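Trainee: Before anything else, here's the structure in question.
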Amino acid sequence: MNGEVYRDTEHKQPERPRMSTRVSTSMEGSMHGGAEAEGGHLTSYATFIKVWLALVALTLGLVGLSASHRPDLILVGLLIITPAKASLVMSYFMHLRHEGAAMKLMVVAAFGVLVIFLFLTFSDYLYR
Amino acid sequence: MDARPAASVVEPHPATEHHDYQGAKLGMWIFIMTELILFGGLFIAYGVYREMHADDFHTASSELNVRLGVANTLILLTSSLTIALSITALRLRRKGQAMVLLASTMVLGCAFLVNKFFEWSAKIHHGLYPGSEHLMARPPGQRLFFGLYYGMTGLHGLHVTVGVVLMAVMLRLIARGKIRHDNFIALENSGLYWHLVDVIWIFLLPLFYLAA
Chain A
49 MNGEVYRDTE HKQPERPRMS TRVSTSMEGS MHGGAEAEGG HLTSYATFIK
99 VWLALVALTL GLVGLSASHR PDLILVGLLI ITPAKASLVM SYFMHLRHEG
149 AAMKLMVVAA FGVLVIFLFL TFSDYLYR
Chain B
2 MDARPAASVV EPHPATEHHD YQGAKLGMWI FIMTELILFG GLFIAYGVYR
52 EMHADDFHTA SSELNVRLGV ANTLILLTSS LTIALSITAL RLRRKGQAMV
102 LLASTMVLGC AFLVNKFFEW SAKIHHGLYP GSEHLMARPP GQRLFFGLYY
152 GMTGLHGLHV TVGVVLMAVM LRLIARGKIR HDNFIALENS GLYWHLVDVI
202 WIFLLPLFYL AA
């Protein structure tokens, strides 16, 4: 994963602006440990636009599946496409993929708690 | 903020001012997790009632306007893109571009609310609102569906409204130079909030509009 992050930074950034940001923050914000520590990963325009295209495509796919009126396909939309869209937004737009392990763990823990609530509630309602 | 008398006299230079970027972001994420649990509870309520009244939910859902729901999804997804681009633009010192992108996000947020207004108006016009005579005459499952529909999309709409106001404040702060390429955490946290609003809608679309 780290390799991928690095590649993204190296090749997809517009070259000149990135350098100017680096220089300015490392000069002005040197007391805080430099540009990356202070501002985090800078995602390029191109990456965001690609993610948006993927989200639009997945939405249209979801609508297509629901129009099929087949319960199995609708379930695929609900259990696979919808969480995939949410994780795209969280990974890229909310740049969770460039956050530290503690932040990721916190988000996973919060979702984990929600899944436990869901499981306990349904185990009660389905088998009472 | 506290015990710094000099700050009130001399405006600290942006570069020497104390910023806790990670701390501010962590705080925002903790808030986002509380929002997740808030909406999560409502999603669980939806799941249980749908399990108990599957047919009623199916019938009631078919009365929602799928086109409006999908249009609003595309609007919110695009607004998430524009605010994400706005943060990158600001960090690249393209202040004007950042402001145009942020203003576009606001316009899209307002467009979402206008759509919601027309959608709710049509439903209320047809006598479909919590406690209405027409709705109370229907089976309990349909009453629950519309109750959850108004409750959940209403709470979400409230978040959209707060987001639009938040962006107006951010726009002003950028214009006044308070949010800059080297001090953008307020804009970043506003972005995180806006994306959360988007994530919640991503789940609302299939559960309400596509459930038929």
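These protein sequence lines map, in sequence, to chains A and B. Using our numbering, the letters of the first sequence map in sequence onto residues 49 to 176. Using our numbering, the letters of the second sequence map in sequence onto residues 2 to 213. C-beta: ideal position from N, C-alpha, C; glycine also. Since this is a predicted model, take the numbers as computed values, not measurements.
#1: Give me, in chain order, the residues of the same chain whose beta-carbon lies closer than 8 Å to that of G192(B); leave out the 5 immediate sequence neighbours on both sides.
#2: Cβ of I97(A) less than 9 Å from any chain B Cβ?
#3: Near S139(A), which residues of its chain fall below 8 Å by C-beta distance, leaving aside the five closest residues on each side in sequence?
#4: For a contact defined as C-beta to C-beta under 9 Å, what are the partners of G125(A) on chain B?
#5: Hey, A134(A) and L106(A) are a contact pair by Cβ (cut 8 Å); roughly how many whole angstroms apart?
#6: Does any C-beta atom of chain B lie closer than 9 Å to the C-beta of A149(A)?
#7: Please report the straight-line C-alpha distance between H216(B) and K179(B), rounded to a whole angstrom.
#8: Buried or exposed: which applies to F167(A), given that a residue is buried once 16 or more other Cβ atoms fall within 10 Å of its Cβ?
#9: Distance, Cα to Cα, V111(A) vs V71(B)?
#10: Nearest chain B C-beta to G88(A) closer than 9 Å, yes or no?
#11: Within the continuous alpha helix (DSSP H) that includes G88(A), where are the two ends?
#12: Could you give the DSSP three-state label for F209(B): helix, strand or coil?
#13: So, does the CB of S171(A) fall closer than 9 Å to a CB anywhere in chain B?
#14: Could you name the residues that DSSP lists as bridge partners for Y181(B)?
#15: What does the alpha-carbon distance come out to for the pair D172(A) and H89(A)?
#16: Please report how far the alpha carbon of V170(B) lies from the alpha carbon of Y175(A), in whole angstroms.
#17: State the start and end residues of the unbroken alpha helix (DSSP H) segment that holds A138(B).
#18: With E52(B) as the anchor, note down where its alpha helix (DSSP H) starts and where it stops.
#19: Which chain B residues are close to K133(A), counting only those with a beta carbon under 8 Å from its beta carbon?
#20: Using a Cβ distance threshold of 8 Å, determine whether the stretch 47 to 61 of chain B contacts the stretch 158 to 165 of chain B, with at least three qualifying pairs required.
#21: Would you call F241(A) buried or exposed, if buried means 16 or more other Cβ atoms sit within 10 Å of its Cβ?
#22: Can you confirm whether H54(B), when its beta carbon is compared against all beta carbons of chain A, has any partner nearer than 9 Å?
#23: Which word fits L82(B), buried or exposed, when buried means at least 16 other C-beta atoms lie within 10 angstroms of its C-beta?
#24: My assumption, with CB atoms under 8 Å, is that T154(B) sits in contact with K124(B). Please give the rounded CB distance.
#25: So what's S133(B) in DSSP terms, helix, strand or just coil?
#26: Work out the CA separation of H135(B) and S105(B) for me, nearest whole Å.
#27: Kindly give me the distance between the Cβ atoms of F147(B) and A213(B), rounded to whole angstroms, as I take these residues to be in contact under 8 Å.
#28: Count the C-beta pairs between the stretch 146 to 166 of chain A and the stretch 115 to 124 of chain A that are closer than 8 Å, then say yes if the count reaches three, no if not.
#29: Interface residues of chain B around F165(A) at Cβ under 9 Å?
#30: In three-state terms, what does DSSP make of H157(B)?
#31: Run down chain B in chain order and give the residues with a C-beta less than 7 Å from the C-beta of L121(A).
#32: I need the DSSP call for M142(A), collapsed to helix, strand or coil.
#33: Report the three-state DSSP secondary structure of E120(B) (helix, strand or coil).
Mentor: The relevant details are as follows:
#1: Position 191 of the second sequence, counting from 1, holds the residue named residue 192(B). Around G192(B): I84, A85, S87, I88.
#2: Residue 97(A) sits at position 49 when you count from the first residue of the first sequence. For I97(A), the answer is yes, since a Cβ of chain B falls inside 9 Å of its Cβ.
#3: By one-based count along the first sequence, residue 139(A) stands at place 91. Taken in chain order, the residues that qualify are R145.
#4: In the first sequence, residue 125(A) corresponds to position 77, counting from 1. By Cβ distance, chain B contributes P207, L211.
#5: Position 86 of the first sequence holds residue 134(A). Position 58 of the first sequence holds residue 106(A). Actually they are not in contact, since the Cβ atoms of A134(A) and L106(A) sit about 10 Å apart, beyond 8 Å.
#6: In the first sequence, counting from the first residue as 1, residue 149(A) sits at position 101. Chain B contact via Cβ: absent.
#7: It is not possible to answer for residue 216(B), since the shown part of chain B is limited to 2 through 213.
#8: Taking the first residue of the first sequence as 1, we reach residue 167(A) at position 119. Taking a 10 Å sphere around the C-beta of F167(A), we find fewer than 16 other C-beta atoms and assign the residue as exposed.
#9: On the first sequence, position 63 is the one that residue 111(A) refers to. On the second sequence, position 70 is the one that residue 71(B) refers to. For V111(A) and V71(B), the distance between alpha carbons rounds to 8 Å.
#10: Position 40 of the first sequence, counted from the first residue, corresponds to residue 88(A). The beta carbon of G88(A) sits closer than 9 Å to some beta carbon of chain B.
#11: The residue labelled residue 88(A) in the question sits at position 40 within the first sequence. That residue, G88(A), is in no alpha helix (DSSP H); it is neither H nor E in DSSP.
#12: On the second sequence, residue 209(B) is found 208 positions in, with the first residue counted as 1. Three-state DSSP puts F209(B) in a helix.
#13: Walking along the first sequence from the start, residue 171(A) turns up at place 123. Residue-level contact by beta carbon fails for S171(A) and chain B, as no gap is shorter than 9 Å.
#14: As a first step, residue 181(B) is located in the second sequence; it is residue number 180 there, counting from the start. The sequence shown places Arg at residue 181(B), rather than the Tyr named in the question. R181(B) is bridged to N184(B).
#15: As a working mapping, residue 172(A) is identified with position 124 in the first sequence. As a working mapping, residue 89(A) is identified with position 41 in the first sequence. Cα to Cα, D172(A) sits roughly 44 Å from H89(A).
#16: Here residue 170(B) refers to the residue found at position 169 of the second sequence. Here residue 175(A) refers to the residue found at position 127 of the first sequence. If you take the alpha carbons of V170(B) and Y175(A), they lie about 50 Å apart.
#17: Sequence index remark: in the second sequence, residue 138(B) carries index 137 (1-based). Bounds of any alpha helix (DSSP H) do not take in A138(B), whose DSSP letter is neither H nor E.
#18: Locating residue 52(B) in the second sequence gives position 51, counting from the first residue. Taken as a continuous stretch (DSSP letters only), the alpha helix (DSSP H) holding E52(B) covers 22 to 53.
#19: Position 85 of the first sequence, counting from 1, holds the residue named residue 133(A). Result: I203.
#20: Output reads no: the stretch 158 to 165 of chain B does not touch the stretch 47 to 61 of chain B.
#21: Coverage of chain A is limited to positions 49 through 176, which leaves residue 241(A) absent and any answer about it impossible.
#22: The sequence position of residue 54(B) within the second sequence is 53, counting from 1. Not an interface residue.
#23: For the purposes of this step, residue 82(B) is taken as the residue at position 81 of the second sequence. By the neighbour-count rule (16 or more Cβ atoms within 10 Å), L82(B) is buried.
#24: As a first step, residue 154(B) must be located in the second sequence, where it is residue number 153. As a first step, residue 124(B) must be located in the second sequence, where it is residue number 123. That pair is no contact at about 10 Å.
#25: Locating residue 133(B) in the second sequence gives position 132, counting from the first residue. Three-state result, S133(B): coil.
#26: One-based indexing of the second sequence puts residue 105(B) at position 104. One-based indexing of the second sequence puts residue 135(B) at position 134. Spanning the two alpha carbons is a distance of roughly 40 Å.
#27: The residue labelled residue 147(B) in the question sits at position 146 within the second sequence. The residue labelled residue 213(B) in the question sits at position 212 within the second sequence. Their Cβ separation, rounded to whole angstroms, is 14 Å, which puts F147(B) and A213(B) out of contact at 8 Å.
#28: No contact exists between the stretch 146 to 166 of chain A and the stretch 115 to 124 of chain A.
#29: Residue 165(A) sits at position 117 when you count from the first residue of the first sequence. Those are I38, G41, G42, I45, listed as they occur along chain B.
#30: Your numbering for residue 157(B) matches position 156 in the second sequence. DSSP places H157(B) in helix when its eight states are reduced to three.
#31: As a first step, residue 121(A) is located in the first sequence; it is residue number 73 there, counting from the start. The contacting residues do not exist; L121(A) stays about 11 Å from chain B at best.
#32: Within the first sequence, numbered from 1, the residue matching residue 142(A) stands at position 94. Three-state DSSP puts M142(A) in coil, outside helix and strand.
#33: For the purposes of this step, residue 120(B) is taken as the residue at position 119 of the second sequence. Per DSSP, reduced to three states, the secondary structure at E120(B) is helical.
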